[in-house]
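Reading the sequence shown from the start, the letters are residues 55 to 480 in the working numbering.
The beta-carbon is built from N, C-alpha and C at its ideal position, and this holds for glycine as well.
Down below is the structure, laid out as structure tokens.
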Amino acid sequence: MNAQPSEKKNAPTGIPANLVIGDGWAAMAAVALLATKSDSETVHWMPSKASRLFSPLASLEAGPASALWETVLNRVGLTPGPARFENSLREFRGKSFRHAPWSKIVSPEERAESRLENLWEGEAAVPPLLEARFDESFVEQEQELRARLLTLPNVHREEGLEVTGFEVDPLTQQTRVLLLNGETRQAPRVIFADRWSLLSSFTGMPKPVPMLRKREMMGAVQVVFTHRHPMASDVTEGFYTALHKDAGEDFQRQAWGHFFAGGEKSVWTVLLEPDFTEDNHEIGKKYRRLKQALDRMFVGEPWLRAGEKDFSSTVASEQLHFEERFLFSMGGKDAEVLREPVRLKELPGMVFVSDGWGPSVAVEMVARLLESECDLNAALAAQIDFSTAVADSAEESSGLESGVGLTAEVSAASDESRAFESEATV
């Protein structure tokens, strides 16, 4: 897949058919599907606060999410090829890499329960139950999709504007978007795909915000490293490992990440408590804990070259990013995942979708909104024989958790893979 970025476009004249607010997974999926409909419409894309993260892992949830993502890419002329479904996530523990504890469980319900039991509830939404992986990582596909969208003639992206609220136009009964500069934007359909935690401060939103009641949202520190040389370029696994606990922490926090761009880059994510604010000192502490964990994880071959003592010594440059209250916790009685778009009677013509449960749910949420008009019925109905797939993977993976290093596991992971049929640039 190859796509070249173009210059940003100004807002279209007149009222567009669709206004999409946001800059993450849900926003990109909505823009792509609307702009490539058979009766393609003008799409006004407004990133607003531009709250987004790169996907913590390289894979999506196998099933409708991976089928839908493949459809999105195909619609804009990118060809990812079929996804493979596999158990490729590795936990680093006891000086070796192991399959995740839930990887051998056949029942999807029990698998989800094990995932929640083995992880802090604040990050349980990060790993898919069963992973779908394309030849390129999800991060690389995100970058190419973003660049391709800016080349579509009916997509108009308007940057530098911040949303402060909504109001209903008394004449058209359409929802108007209020901006910090005093201007407004309007469309028959407004899709809000930015961070839901922003909604509580917006004018015109019902208080409390209905879809945020009793839900906790986790923040995140994310670092993208550019390495001095490719780090095991043929490794496609995702990784996680425990961070050292700071004083007062009563739960085990993990670092999540993977390599991409042929091993020349890697992205690592640490989830943070809901009350964690943009405090440079505290963010710095989490960053140092992350670097310590990576230095313990990646030692010797195939990671390091002669003269390199640890992961940190392979880093040529890095970019650190913080997002406040971005991902939903999987704890609490109202922790069930929302897969349907949300509409509020107070704001006619407005629809809310979210990145808050990760890219798989974000894509599925958008697809449920646009299912009929964008002909997504087949992709939404995509199914795999989950029990058989998990059982086969578990059987093939047996014996890999006895201190076996990654090099041996990579070969086994390749054997277990099957064909699944179905932002800026760093």
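With DSSP as the reference, identify every bridge partner of residue i, one or two as the case may be.
{"i": "Trp322", "result": "Val277, Gly311"}
{"i": "Leu73", "result": "His98, Val244"}
{"i": "Phe376", "result": "Val275"}
{"i": "Ala186", "result": "Leu114, Phe139"}
{"i": "His153", "result": "Arg144"}
{"i": "Thr257", "result": "Gly219"}
{"i": "Val180", "result": "Beta-bridge pairing links Val180 to no other residue."}
{"i": "His210", "result": "His98"}
{"i": "Gly292", "result": "Leu143, His312"}
{"i": "Thr238", "result": "Leu232"}
{"i": "Phe382", "result": "Met271"}
Would you tell me roughly how many angstroms separate the C-alpha atoms of residue i and residue j, rounded to the nearest one?
{"i": "Ile75", "j": "Ala360", "result": "48 Å"}
{"i": "Asp288", "j": "Ser191", "result": "12 Å"}
{"i": "Pro70", "j": "Val209", "result": "10 Å"}
{"i": "Cys428", "j": "Asn172", "result": "39 Å"}
{"i": "Arg243", "j": "Val396", "result": "13 Å"}
{"i": "Gly110", "j": "Leu183", "result": "According to the sequence displayed, residue 110 carries Pro and not Gly. When rounded, the distance between both Cα atoms is 15 Å."}
{"i": "Leu204", "j": "Ala121", "result": "23 Å"}
{"i": "Glu212", "j": "Trp99", "result": "6 Å"}
{"i": "Ala435", "j": "Phe382", "result": "25 Å"}
{"i": "Ser105", "j": "Arg379", "result": "10 Å"}
{"i": "Asn72", "j": "Thr96", "result": "7 Å"}
{"i": "Gln197", "j": "Glu175", "result": "29 Å"}
{"i": "Arg129", "j": "Leu430", "result": "11 Å"}
{"i": "Ala274", "j": "Asp409", "result": "13 Å"}
{"i": "Leu344", "j": "Thr226", "result": "52 Å"}
{"i": "Ser451", "j": "Trp156", "result": "With a pLDDT of 43 at Ser451, under the threshold of 50, the modelled position of this residue cannot be trusted; read the value that follows with caution. Near 12 Å, if we compare the C-alpha coordinates of Trp156 and Ser451."}
{"i": "His298", "j": "Leu348", "result": "12 Å"}
{"i": "Val231", "j": "Phe146", "result": "46 Å"}
{"i": "Leu215", "j": "Gly131", "result": "29 Å"}
{"i": "Thr295", "j": "Phe305", "result": "14 Å"}
{"i": "Phe139", "j": "Asp93", "result": "34 Å"}
{"i": "Glu400", "j": "Thr257", "result": "12 Å"}
{"i": "Arg350", "j": "Gly236", "result": "51 Å"}
{"i": "Val417", "j": "Arg249", "result": "15 Å"}
{"i": "Glu163", "j": "Val85", "result": "33 Å"}
{"i": "Ile337", "j": "Ser251", "result": "20 Å"}
{"i": "Pro224", "j": "Arg169", "result": "49 Å"}
{"i": "Thr229", "j": "Phe406", "result": "13 Å"}
How should residue i be labelled, buried or exposed, when 16 other C-beta atoms within 10 angstroms of its C-beta is the threshold for buried?
{"i": "Val415", "result": "buried"}
{"i": "Pro207", "result": "exposed"}
{"i": "His283", "result": "exposed"}
{"i": "Pro101", "result": "buried"}
{"i": "Gln373", "result": "exposed"}
{"i": "Ser320", "result": "buried"}
{"i": "Ala432", "result": "exposed"}
{"i": "Phe352", "result": "buried"}
{"i": "Gly457", "result": "Low confidence applies to Gly457: its pLDDT is 37, below 50, so where it sits in the model is not reliable, and the reading given next is rough at best. Gly457 is exposed by the Cβ-count criterion."}
{"i": "Ser161", "result": "exposed"}
{"i": "Thr290", "result": "buried"}
{"i": "Lys158", "result": "buried"}
{"i": "Asp77", "result": "buried"}
{"i": "Glu332", "result": "exposed"}
{"i": "Gln437", "result": "exposed"}
{"i": "Leu199", "result": "buried"}
{"i": "Asn141", "result": "buried"}
{"i": "Gly117", "result": "buried"}
So the candidates are the options; which of them puts its Cα closest to the Cα of residue i?
{"i": "Thr280", "options": "Ala370, Glu171, Ser142", "result": "Ala370"}
{"i": "Gly302", "options": "Glu327, Tyr294, Val278", "result": "Glu327"}
{"i": "Glu355", "options": "Met285, Leu114, Thr331", "result": "Met285"}
{"i": "Lys292", "options": "Lys299, Gln306, His312, Glu418", "result": "Checking the sequence, you will find Gly at residue 292 rather than Lys. It is His312."}
{"i": "Ala315", "options": "Gln195, Arg343, Arg267, Gln276", "result": "Gln195"}
{"i": "Lys261", "options": "Glu140, Gly219, Val420", "result": "Gly219"}
{"i": "Arg152", "options": "Val160, Leu143, Ile159", "result": "Leu143"}
{"i": "Pro134", "options": "Asp189, Thr331, Asn235, Val231", "result": "Asp189"}
{"i": "Ala80", "options": "Ser426, Arg267, Met419", "result": "Met419"}
{"i": "Leu424", "options": "Gly236, Asp77, Val126", "result": "Val126"}
{"i": "Thr368", "options": "Leu215, Trp357, Glu145", "result": "Trp357"}
{"i": "Tyr341", "options": "Arg267, Glu362, Ser366, Gly317", "result": "Ser366"}
{"i": "Val217", "options": "Glu185, Pro181, Gly412, Ser254", "result": "Ser254"}
{"i": "Ala178", "options": "Met82, Val324, Asn334", "result": "Val324"}
{"i": "Val180", "options": "Val278, Gly412, Pro264", "result": "Gly412"}
{"i": "Phe108", "options": "Trp322, Val222, Gln228", "result": "Trp322"}
{"i": "Met265", "options": "Val391, Asp300, Arg202", "result": "Val391"}
{"i": "Phe246", "options": "Leu398, Val193, Arg307", "result": "Leu398"}
Taking 7 Å as the cut-off, is the beta-carbon of residue i closer than that to any non-hydrogen atom of the ligand GTP?
{"i": "Arg211", "result": "By its list of ligands, the structure shown contains no ligand whatsoever, and the ligand GTP lies outside what it can speak to."}
Under 8 Å, Cβ to Cβ, is there at least one residue of chain C near residue i?
{"i": "Asp304", "result": "In the structure shown, chain C does not exist; there is a single protein chain."}
Can you give, in chain order, each stretch of the alpha helix (DSSP H) that sits fully within the region 387-430 and has at least 4 residues? Listed in chain order, the complete alpha helix (DSSP H) runs (minimum 4 residues) inside the region 387-430 are 413-424.
Contained alpha helix (DSSP H) runs [length at least 4] in the region 344-375, N- to C-terminal order: Segments of the alpha helix (DSSP H) lying fully in the region 344-375: there are none.
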